[in-house]
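Residue numbers (my numbering): 2 to 418.
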């Protein structure tokens, strides 16, 4: 409705600063001048409580004065931080007085040089959610340990009058782990910047633009999400489920066509006798086999056609039902043919398949079912078909979990993807 819903955390820097001052005034934040190593040593472990900073109980007025000096650029980077004052003995390390503001002399892309102190992500995140009226903040499981601070901060600011109930709720779920794919933005960035792929929209990339360029539809991605559901348990989803969702979506709406990717010529040796030299037999097929309302497509059968090389075996393996000497198969939407042999080059490679049309077996005619066959062959006329460029992509990685266990994911890149 003409409303701009593009939000940036930096839009709220003034609000966040006032929230920090309010925490100081209420005794819930203080400026800590310990070195990073001292803070790390005094933080404690999972089994040992942390130790109070020597600056933890300095007066509110002094904390406010020094924090404003930090804001005004009077202190060096790394010399001090603003910390929330919660509980250094908490079993949740994230509640042991986490840092909420640090000094950083850096120009910001949105606010320029206005600030030289910046809020930490864990402080900014809940404030952004509350300001934007987020009801449920959906995060992956690694944020579960941060939820107590999320709730603590919003409760303090509500009690101070900055927010009102109901406050946002953070809810965590398991990250989507898809086999043969990485979803880490940092690692995807590395693939792009080091030119292992051709950009963010490379069809092998699991990005929205990459999936779109490969042919994925929004409906297919939505179907995939519906099928895998949401869980708190970590698991790996096989890539074939994503591919299956696309096939199921396209199957209902994609117009059909025939194509040959690895062409082998097939010569119909009795063509001239049946139809005369140069004849092109018209054939029809539905645009979609389940939607007659989409109409029919027209194409022509000629004396020489292309078939897939894998559809012919001079010495057939067990269970092979397509073309081999003396066997019959149907040309899809065309005639039943009988293979009579093949032609080879000097190295013994098959260069053409020879076959005869079985008369009165054209699809859609009264005699079409007079001869029963088990194999159906896709084909394209050698003279009427259109040349096309086909881009085939394999999976980007050779291993199902390319970055599992902290391994170098680049070592699992598929060189022939």
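Every residue, glycine too, gets a C-beta built ideally from N, C-alpha and C.
- Here residue 335 is buried, its C-beta having at least 16 other C-beta atoms within 10 Å.
- Per DSSP, reduced to three states, the secondary structure at residue 264 is strand.
- Here DSSP, grouped into helix, strand and coil, assigns residue 27 to coil.
- If you check the CB distance, residue 51 and residue 85 do not come in under 8 Å.
- In the DSSP assignment, residue 138 forms a beta bridge with 171.
- Residue 272 has its alpha-carbon roughly 7 Å from the corresponding atom of residue 278.
- Nearest Cα to residue 175 within the set 145, 382, 159: 145.
- DSSP, reduced to helix, strand and coil, places residue 179 within a strand of the structure shown.
- In this structure, residue 381 places its C-beta atom within 8 Å of the C-beta atom of residue 307.
- The C-beta of residue 205 has 16 or more other C-beta atoms within 10 Å across all chains shown, which makes the residue buried.
- With the rule of 3 Cβ pairs closer than 8 Å, the region 399-418 counts as touching the region 173-191.
- Contact check for residue 240 against residue 396 passes: the beta carbons are separated by less than 8 Å.
- At a Cβ-Cβ threshold of 8 Å, residue 103 and residue 138 do not count as neighbours.
- Taking a contact as a CB-CB distance under 8 Å, the pair residue 56 and residue 33 counts as one, their CB atoms being some 5 Å apart.
- In terms of Cα proximity to residue 288, the closest of 320, 87, 255 is 255.
- The Cβ atoms of residue 25 and residue 61 sit closer than 8 Å to each other.
- Within the same chain, and ignoring the five residues on either side of residue 96 in sequence, the residues whose Cβ sits closer than 8 Å to its Cβ are 87, 88, 149, 150, 153.
- Distance between residue 203 and residue 180, taken at the CA atoms: about 18 Å.
- Under the three-state reduction of DSSP output, residue 321 falls in the coil class, being neither helix nor strand.
- Exposure of residue 15 is indicated by the presence of fewer than 16 other C-beta atoms within 10 angstroms of its C-beta.
- Taking 8 Å as the cut-off, the Cβ atoms of residue 121 and residue 107 do not count as close.
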